[in-house]
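Heads up: the sequence shown begins at 1 in our numbering, then just goes up one per residue.
Taking it in order: structure first as structure tokens, then the write-up.
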Amino acid sequence: MDTDYLIIGGGIVGTSIAYMLSVFSPSKKTILVDKNTVGSATTGMSAGTLYCLGQRKSNTLKKRYSRFSLEDKAALVMETRSMIKTMEAKGYDCGYHETGALTLALNEEEKKYLESSYKLLQQNKYEVEWLPNIEAVVQCDPGMAGSKIAAAIHTPLSGFVDPMLLCHAFANAAQKKGVVLLENHDAQRIEKLRDFSKRRYGVSFNTGLTVCTDQVVLATGIFSWRNLFRPALVSKTYDRNEQDTFACKGQIWITQALEHPISKVLFFAGSALHWSTKPDGIPSQCTHTQY
């Protein structure tokens, strides 16, 4: 089988890339493969939250915490929000709910940190609201009544999606535009082809299928076998079976029934505060760095 683009991994990253390629490169052939079914791995177990600060109106924020500045991250989430709304307008159910979110401080130390973060966000014209005490928090979300909250930042444009619905929406939209979807195909080997007059890479699968392509997109997340696939792109061959990768999951808490259900997405300031006290700051590996 021959294609211009081969996307390995049918999660939210792989399906969204497939969809965007179908929109912006309609003349190119794209194949999307997954070792199981679309959205069946990490995507299907994710929270699907969108921490949305709104569109910044000034250009004074300079500090960077990781690869992207706060301005970059905020703009990226706004683009994602816009794309999801566009998908729903086209009739695709993404399970999108713009509920707003609360970032909570549980003690005075966290409150002080959160307030300084709020002032920075407000100074740069983001859409945020400061809730200085539990009374203000409960007024914003009655479901927080009885909790021990010192303060919170409210981001009204935040919300969440159903990750499986969104993933399938991208996959279905991409297929309608000509993308080929192959499920239950587990990539085993990437080979750099000698004859570049045809295609650059050959990828073999457990089904016996081999796909020749010019571009390989690795959207396999925790199953990316970084030390296996990356060398394959510069050396002749590499086999993924030489080493295993193990996935680690987070925690799900089950609480007692609440008199007033919580309507907002909840984040906690403690994690960002913890990393802000480190000599080297927040490591680039952290993905949830809000401030």
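Virtual Cβ for every residue (Gly too), placed ideally from N, Cα, C.
For clarity, every value in this text was computed on a predicted model and none was experimentally measured.
| Item | Value |
| --- | --- |
| If you count every other CB in all the chains shown that lies within 10 Å of the CB of lysine 176, and 16 or more means buried, which is it? | exposed |
| Following the continuous alpha helix (DSSP H) through glycine 202, name the residue where it begins and the one where it ends. | Element bounds for glycine 202: not the alpha helix (DSSP H) but the beta strand (DSSP E), 201 to 205. |
| List the endpoints of the continuous alpha helix (DSSP H) containing alanine 105. | Careful: alanine 105 lies outside any alpha helix (DSSP H), inside the beta strand (DSSP E) at 101 to 105. |
| For isoleucine 12, count neighbouring C-beta atoms within 10 Å of its own C-beta (all shown protein chains included) and say buried if the count is 16 or more, exposed if not. | buried |
| How close, in whole Å, do the beta carbons of serine 158 and glycine 208 come, if the pair is a contact with beta carbons under 8 angstroms? | Rounded, the Cβ-Cβ distance is 46 angstroms, inconsistent with contact. |
| Locate the beta strand (DSSP E) running through isoleucine 298, then write down its first and last residues. | Nothing can be reported for residue 298: it is not among the residues displayed for the chain, which extend from 1 to 291. |
| Between which two residues does the beta strand (DSSP E) containing arginine 81 stretch? | Element bounds for arginine 81: not the beta strand (DSSP E) but the alpha helix (DSSP H), 70 to 89. |
| Taking the C-alpha atoms as reference points, what is the distance between leucine 171 and tyrosine 19? | Here residue 171 turns out to be alanine, not leucine, going by the sequence shown. Taking the straight line joining both Cα atoms gives about 7 angstroms. |
| So for alanine 151, helix, strand or coil by DSSP? | strand |
| From leucine 6 to histidine 154, what distance separates their C-alpha atoms? | 41 angstroms |
| Can you give me the C-alpha to C-alpha distance between alanine 89 and lysine 28, rounded to a whole angstrom? | 26 angstroms |
| Go through its chain and collect everything with a Cβ distance to leucine 233's Cβ below 6 angstroms, but skip five positions before and after it. | In this prediction, leucine 233 scores a pLDDT of 48, lower than 50, which makes its location untrustworthy; no coordinate-derived value is stated. |
| Less than 8 angstroms separating the beta-carbons of proline 219 and glutamate 110? | Just to set this straight, residue 219 is alanine in the shown sequence, not proline. Result no, Cβ atoms of alanine 219 and glutamate 110 do not sit closer than 8 angstroms. |
| By Cβ distance below 7 angstroms, which residues in the same chain neighbour leucine 165 in space, the five residues on each side in sequence not counted? | Asp93, Cys94, Gly95 |
| Among Arg81, Ala145, Leu273, Pro132, which residue has its Cα nearest to the Cα of leucine 50? | Arg81 |
| Under DSSP, the alpha helix (DSSP H) around valine 211 begins and ends at which residues? | Looking at the DSSP string, valine 211 is not in any alpha helix (DSSP H); the run it does join, the beta strand (DSSP E), is 210 to 218. |
| Check lysine 192 in the structure and name its three-state DSSP category. | strand |
| In the DSSP assignment, what are the bridge partners of tryptophan 130? | Ile153 |
| Count the C-beta pairs between the segment 21 to 36 and the segment 175 to 193 that are closer than 8 angstroms, then say yes if the count reaches three, no if not. | yes |
| Contact check, alanine 145 vs alanine 105 under 8 angstroms by CB: the rounded distance? | About 17 angstroms separates the two Cβ atoms, so there is no contact after all. |
| Are the CB atoms of aspartate 4 and threonine 213 within a distance shorter than 8 angstroms? | yes |
| Taking threonine 30 as part of the beta strand (DSSP E), name the residues at either end of that continuous run. | 30 to 33 |
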